[in-house]
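Per the working numbering, residue 3 is the first one in the sequence shown, and the count goes up by one each step.
Positions of the beta carbon are idealized from the N, C-alpha and C atoms, including for glycine.
Read through the structure below, which is laid out as structure tokens, and then see the notes.
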Amino acid sequence: MALRDQLRVLVVDDMSTSRGLITQALDGMGVSHVSTAADGPSALESVARSPVHLVISDFNMPGMDGLQLLQSLRQGAKTAGVGFLLITGRADKEIIERGRSLRMNNYIAKPFQPADLKTAIEAIVGRL
């Protein structure tokens, strides 16, 4: 069975359009186990209920940004090893360095092409 058939992904973005674009790209890659959350707190609840291999999160979200979500995941015993891909329209050095200090696995800048997303995911989980 191919990795894409087993991979469980959570897409976190406060913009429904962005969630849709990411899930559509994942579907195009053959990744079928995809869930979504509109913010960090509901993402944490979702992961607690149904563990995932990879979280793909927007950076700029109200209340809890993507790096705060990452920090919360890394502090949890059951979620510390979850793969984390940050998607950001502000890929400035400070955000990327902060993400790396929190053990972010990879990042991709908006806007992105599906092929770029696939490359970023494969750098974390292996070939799909």
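| Asked | Found |
| --- | --- |
| Expected contact under 8 angstroms - CB spacing of A110 and L104 to nearest Å | Looking at the sequence provided, one finds Ile at residue 110 rather than Ala. No, I110 and L104 are not in contact; Cβ-Cβ is about 17 angstroms, not under 8 angstroms. |
| Candidates R102, R92, F86 and A39, of which the one nearest M17 by Cα | A39 |
| Nearest-angstrom beta carbon gap, L56 and L9 [assumed within contact, 8 angstroms] | 7 angstroms |
| Bounding residues of the beta strand (DSSP E) (the contiguous stretch that carries T81) | Run containing T81: none; DSSP gives neither H nor E here. |
| Terminal residues of the alpha helix (DSSP H) in which V33 lies | First-last for V33: undefined, no H or E at that position. |
| Unbroken stretches of the alpha helix (DSSP H), 4 residues or longer, contained in the region 65 to 110 | 68 to 77 and 95 to 103 |
| For L9, the three-state DSSP class (helix, strand or coil) | coil |
| Start-to-end residues for the beta strand (DSSP E) that takes in S59 | L56 to D60 |
| Exposure of G32, with buried meaning 16 or more beta-carbon neighbours within 10 Å | exposed |
| 7 angstroms CB neighbourhood of I126 in its chain, flanking five on each side removed | L56, G85, L87, N107 and N108 |
| Segment limits, alpha helix (DSSP H) that includes D118 | P116 to V127 |
| Whole-angstrom distance between M3 and G30, CA atom to CA atom | 18 angstroms |
| K112 beta carbon less than 8 angstroms from that of G91 | yes |
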